[in-house]
Every structure is written in structure tokens, then in C-alpha cells.
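The next block holds one structure in the form of C-alpha cells; read it before the comments.
Residue numbers (the working numbering), protein chains in the order written: chain D, 23 to 246; chain V, 2 to 235.
Dropping the structure here:
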């Protein structure tokens, strides 16, 4: 019970501090908008080429946004050593991770949902007929990115060259999530949309495996 | 500050080593702090005071050696949750108000009436008027008051303080000394690092000096205690 209540309290703190400072959401939305617009210049919006590459470009933009968003996740806890205060206050350290990855997933999902209409117009791909299924892929993909990214953010925050370390570790680790998410999104953005359930299965497995690993070993990532 | 009596808890460090790479922060430190004792750690910068305090708070795992918490019959306590820690940094969120910070940590600690406890402590540290202000708008001394209030939330049996007077004005130092005296008299064990003599060091019952990660002096007597704190004869 303390895990859930502590997670809820910490998630409330994450949301409150972010919506008060708007540090992450503003920069990420602006960044992802620039990336999507720049990508759109290289394609003829009316062509089949646009549909073929749109999904991978979309997930590439989300990956850049995620790396930007995940970097300060644990770094912000270091300036006043609030991570130590959290470690002394929670019974189960997994609550710290659970709150952070929940917040990261929510922020990432919010950014993606804000970007979808822009993406749809710029790349001329209809996303609204498949919005329900697309949100499922976005959720599972964002959850996977957030789980791995939150763990790596905890590691990199204590390292030298931390700004370099996170993307260096994150990109290879996320290759399976990005491949599966892109594959499923390609199917959904097809002229005759279809769901690649195998890809969804991969995403679920990735999320469960990494979440379990974080639950088992996360405590060690917080140690000095 | 009126405090409820607690079951006194002591701390035993046995052959504690802490290495960061090849560098020893602590080397074979063995100390026993009796329940209810108020001990000051003195020593130059880098002598290992902060590391020892962070090991006692279980924020840092020693490279070797054991840390044990003891009840008043010298028996080991398996699970100790009531530790209050004030570090070098304030350990509170700049983007939250003083009240929100205390409420957050009170909820995490599972305190029965978190809002009432936060309110009481804000009054104790003299920040009731500024309770709705963001901590980032506070002076260093005010932040330190919030930090001390946070450490007192769960009425800890053991208080670990790393240079707790940092940023406090003379009135703040007097307040802190009175608060700590009250805690010591109510049976709390206090371990703190200090530089030099002050109103706060005057309430110490024991002083230990560290140098290069090792204990080089340990005393309970007045004159020696003073010399350890002022580095006389160092």
C-alpha cells in the first residue's frame, strides 16, 4: 500500500513542479515541432513516399524529444540533494522510479498527442480514423521509452559527461521499442490501416521485462 | 519546543572503510555513540565527516565494516526508520512552497496528520508567514530552516546534521541550539559536524576529530572538547 500511496504523492509532486515551471513540456513541444516541420520539407506531402516514411520520422522525432525530456529527470534531484531526502522518506525506492516514469510517460504522451494533428497535416497522413489504436501504440512505446530512459537517467545523473552518456546508452537500448513501434505505426498509417499485433506483443514484453528489472534492481541505481 | 520522549537509539560503527576509487574517505573508523549522546564531528574539509554522516543515514554504503543501531540495552535494532538528516544541501524543492515541501515529505513518511505536523513545524521554525512562498524565493537561512523542519518531521530518534548552522543568522543559531538541546534532553541521539565553537557546540557531550578519514581524537571532557572543536594543537 505504501508503494502506491508514495508513488501517487510523488507523481503529484512531479506534475506540480512541471506545470509550475513548464520547463520540460515547453522546450520539448517546441523542439519536436521544429523537427517535424523540418522533416516535412524533404517530402512531397501528396506522394506515397510520405506515407512510407512518416511513421519512422514520427518515432525518430519522439526519440529526440524523449532524450531531451529524460535528461533532467534525475539531474533536477541533484541540485538540492532532494534525491537523498526522497530515499530517506520512502519505504520502497521503486516508488521514486514509478512516479518518475509515470510522469515521463504522461509528458511524452501529451507531447505526442499535441504533435499528431500537425504531423497529420504536414505529412498528409490521416491519423484520426485510427486514433484509438494509434494511442495504444504511442502509450506502449512511450512507456517503454520512459522505463528504460528513467533508469538510464538515474545512472547518468551520477556520472561524468552525463549529457553525453544518456543518449549514448539510450539509443541502442531503445532500438527494439522503436522498431516495434514504427512497424505497428506503419501498418496504422497505411492506405488500408491494419494492426500488427505481433509488434504490440513485443512492446508489452519489453515494457514488462524492463519494469520488472527496474523493480528488482532500481534501488542500486539510486545509491551513491 | 516540547518533544515526546522516544526510545533512545545508539549508533555503532565498526571498522568502517569507504573508498571512492583508490581514495579512502574513511579508514577503519570504529565509534560507538551511546543512546541519547550528542556528538560533534570536527575536522578539516575532506576529513570524512560528511561521508560518516551519510553512512549513518544509510545514504552511502560503506566499502567494508558494519553499521549497527542499538537500543538502550545495546541490542541491535533490525529496522530503523526514524532518522532525521540535514545535509550540506537543503534537500527541499525550490519549485514547491515551504508548506508543500513539508506536506510532501510528511505524506511520504506516512505521518498520521501531515498537514497539522507541517503547520506545527513551520511555526517552530518561524516560517508560518511565508508558508505559501516558493522556497526558491527564500534566503539561504530560511531554506536551512525548512531543511531542519523537514528533518524533524518524523520526530526522529537519531538526528544527523551536517553543518546545520549554515546560512543561519545569530537568532537562527540560537533557535537551533535551543531546539537541539530540547531534542537531546528528550533522549534523541545527535551526531553533527561543526566548524569551530558556537552555541550549538556548547551542548555537545562528546567530540571526535577526524583527519584523512581516521579518528584521531575522541573526548568527553570540557577543555579537550573545546580544543578539538577549535583545532587547537592540530
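Backbone N, C-alpha and C fix where the C-beta goes; we use that ideal spot for every residue, glycine too.
(request) Quick one: grab the DSSP three-state call for residue 188 (chain V). (result) coil
(request) Would you mind giving the Cβ-Cβ distance between residue 43 (chain D) and residue 109 (chain V), rounded to the nearest angstrom? I have them listed as a contact below 8 Å. (result) With a Cβ gap of about 21 Å, residue 43 (chain D) and residue 109 (chain V) do not count as contacting.
(request) Just the chain V side, please: which residues come within less than 7 Å of residue 31 (chain D) by C-beta, in chain order? (result) 105, 108, 109
(message) the ligand ZN and residue 25 (chain V): does the residue's C-beta get closer than 6 Å to at least one heavy atom of that ligand?
(response) Ligands displayed in this structure: none; no statement on the ligand ZN is therefore possible.
(message) Less than 7 Å between CB atoms is the rule here; does residue 216 (chain V) satisfy it with respect to chain D?
(response) no
(request) For my contact list, residue 172 (chain D) and residue 90 (chain D) are in at a C-beta cut-off of 8 Å; report their separation, rounded to the angstrom. (result) Not confirmed; about 14 Å, so no contact.
(message) If I measure Cβ to Cβ from residue 135 (chain V) and keep anything under 6 Å in the same chain, skipping five residues before and after, which residues do I get?
(response) 98
(message) Taking 7 Å as the threshold (beta carbon to beta carbon), is residue 143 (chain V) in contact with chain D?
(response) no
(message) Out of V:41, V:180, V:67, which one is the CA nearest neighbour of residue 30 (chain V)?
(response) V:67
(message) For the stretch 75-86 of chain D against the stretch 132-141 of chain D, do three or more pairs of beta-carbon atoms, one drawn from each stretch, fall closer than 8 Å, so that the two count as touching?
(response) yes
(request) Using a Cβ-Cβ cut-off of less than 9 Å, give me the residues of the stretch 61-73 of chain D that come near chain V, in sequence order. (result) none
(message) Rounded to the nearest angstrom, what separates residue 254 (chain D) and residue 174 (chain D) at their Cα positions?
(response) The requested residue 254 (chain D) is not part of the displayed model; chain D covers only 23 to 246.
(request) For residue 120 (chain D), I'd like the list of residues in its chain whose CB is within less than 6 Å of its CB, leaving aside the five on either flank, ordered along the chain. (result) 29
(request) Write down every uninterrupted run of the alpha helix (DSSP H) in the stretch 155-218 of chain D whose length is 4 residues or greater and which is fully enclosed by it, in chain order. (result) 184-195, 197-210
(message) Could you pull the DSSP bridge partners for residue 114 (chain D) from this structure?
(response) Answer by DSSP bridge pairing: none, since residue 114 (chain D) is not bridged.
(message) So with CB distances below 9 Å, who are the chain V contacts of residue 36 (chain D)?
(response) Those do not exist, as residue 36 (chain D) stays about 10 Å from chain V at its closest Cβ, beyond 9 Å.
(request) Tell me whether residue 42 (chain V) sits in a helix, a strand or coil according to DSSP, three-state version. (result) strand
(message) With a threshold of 7 Å between beta carbons, is residue 116 (chain V) in contact with chain D?
(response) no
(message) Whole angstroms are fine: how far does the CA of residue 165 (chain V) sit from the CA of residue 195 (chain V)?
(response) 8 Å
(request) Would you identify the three-state DSSP class for residue 66 (chain V), choosing helix, strand or coil? (result) strand
(message) If the criterion is Cβ atoms closer than 7 Å, does the pair residue 93 (chain V) and residue 151 (chain V) meet it?
(response) yes
(request) Grab me the residues of residue 91 (chain V)'s own chain with a C-beta within less than 8 Å of its C-beta, minus the 5 sequence neighbours each way, in chain order. (result) 136, 144, 145, 147, 148
(message) Using the three-state DSSP reduction, which class does residue 122 (chain D) fall into: helix, strand or coil?
(response) helix
(request) Show which residues of chain V have a CB atom less than 9 Å away from the CB atom of residue 28 (chain D). (result) 108, 109, 111
(message) At the level of alpha carbons, what is the spacing between residue 106 (chain V) and residue 62 (chain D)?
(response) 47 Å
(request) Helix, strand or coil for residue 240 (chain V), going by three-state DSSP, please let me know. (result) Nothing can be reported for residue 240 (chain V): it is not among the residues displayed for chain V, which extend from 2 to 235.
(request) Mind listing the chain V neighbours of residue 39 (chain D)? Cutoff is C-beta to C-beta under 7 Å, in chain order. (result) 94, 96, 97
(message) Let me make sure I understand the geometry here. Which of V:53, V:46, V:48 has the alpha-carbon closest to that of residue 161 (chain V)?
(response) V:53
(request) Measure the beta-carbon distance from residue 218 (chain V) to residue 229 (chain V) and round it to whole angstroms, keeping in mind my assumption that it falls under 8 Å. (result) 5 Å
(message) For a contact defined as C-beta to C-beta under 9 Å, what are the partners of residue 86 (chain V) on chain D?
(response) 106, 107, 110
(request) Output, in chain order, the set of chain V residues within a Cβ distance shorter than 9 Å of residue 246 (chain D). (result) 55, 60, 61, 62
(request) Quick one: grab the DSSP three-state call for residue 234 (chain V). (result) Its pLDDT being 45, under 50, residue 234 (chain V) is placed unreliably in this model, and the value from its coordinates should be taken loosely. Reduced to three states, the DSSP call for residue 234 (chain V) is coil.
(request) Mind checking which residues open and close the beta strand (DSSP E) that includes residue 215 (chain V)? (result) 215-220
(request) Indicate whether at least one CB of chain V lies closer than 7 Å to the CB of residue 42 (chain D). (result) yes
(request) Starting from the C-beta of residue 37 (chain D), find all residues in its chain whose C-beta is less than 7 Å away, skip the five residues before and the five after it, and write them out in chain order. (result) 125
(message) Going by DSSP, what residue range makes up the beta strand (DSSP E) through residue 159 (chain V)?
(response) 159-163
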